[in-house]
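If you use this note's numbering, the sequence shown closes out at 112, no skipped numbers anywhere.
Even for Gly, the Cβ is constructed at its ideal location relative to N, Cα and C.
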Amino acid sequence: MSQIQNQKPFAINPRKFAFTALIGAAIALAVICVFVFNVTNPNPEWPQNWRVRPLCLTPMAGAAGGGFFYLMKNLRTQSDTTKILALCIGSIGFLFALWIGIVLGLDGTLWD
Numbered sequence: 001m002s003q004i005q006n007q008k009p010f011a012i013n014p015r016k017f018a019f020t021a022l023i024g025a026a027i028a029l030a031v032i033c034v035f036v037f038n039v040t041n042p043n044p045e046w047p048q049n050w051r052v053r054p055l056c057l058t059p060m061a062g063a064a065g066g067g068f069f070y071l072m073k074n075l076r077t078q079s080d081t082t083k084i085l086a087l088c089i090g091s092i093g094f095l096f097a098l099w100i101g102i103v104l105g106l107d108g109t110l111w112d
């Protein structure tokens with residue numbers, strides 16, 4: 001019981017949180033640019049500005065995934081096993097958020 005009482009509460013550093021979210025958004029933007037700008041002949045049924053939606057939605061999802069990765073920091077300060085587990089969960093959470101952002105962004109265009 002005394003060990004639980006001696007632990008410090010998890011405090012979120014806004015600068016580090018924002019930096020991690022920006023890194024996640026930059027990674028997501030790079031990934032979606034590969035898909036969007038490699039289309040040479042878009043389908044004529046697609047709207048004229050079809051690229052705007054994926055270029056806006058996917059970085060937002062990447063930022064959310066980066067924020068989730070930062071929030072897993074609390075578990076990375078404990079034992080080695082929980083560090084590895086937190087790193088895996090944070091990475092899977094980021095990749096899931098990135099995948100959802102790509103699916104939502106490309107829905108109706110390249111995802112069909």
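Straight-line gap, residue i to residue j (C-alpha atoms, nearest Å)
| i | j | result |
| --- | --- | --- |
| leucine 109 | methionine 60 | Per the sequence presented here, residue 109 reads as threonine, with leucine not at that position. Roughly 19 Å between the two C-alpha positions. |
| threonine 58 | leucine 29 | 7 Å |
| leucine 85 | phenylalanine 69 | 12 Å |
Selected residue, minimal CA-CA separation from residue i, among the options
| i | options | result |
| --- | --- | --- |
| cysteine 88 | Lys73, Phe10, Ile100 and Gly105 | Lys73 |
| glycine 24 | Gly90, Pro47 and Leu106 | Gly90 |
| cysteine 149 | Phe10, Thr77 and Leu98 | With the chain covering only 1 through 112, there is no way to say anything about residue 149. |
| glycine 62 | Asn49, Leu95, Pro47 and Trp46 | Leu95 |
| valine 31 | Ala64, Pro54 and Leu71 | Pro54 |
Check: residue i C-beta below 7 Å from any heavy atom of the ligand GDP
| i | result |
| --- | --- |
| isoleucine 100 | Absent from the structure shown: the ligand GDP. Ligands present: none. |
Let me know the alpha helix (DSSP H) ranges lying completely inside the stretch 52-103, each 4 residues or longer, listed in chain order.
52-71 and 73-76
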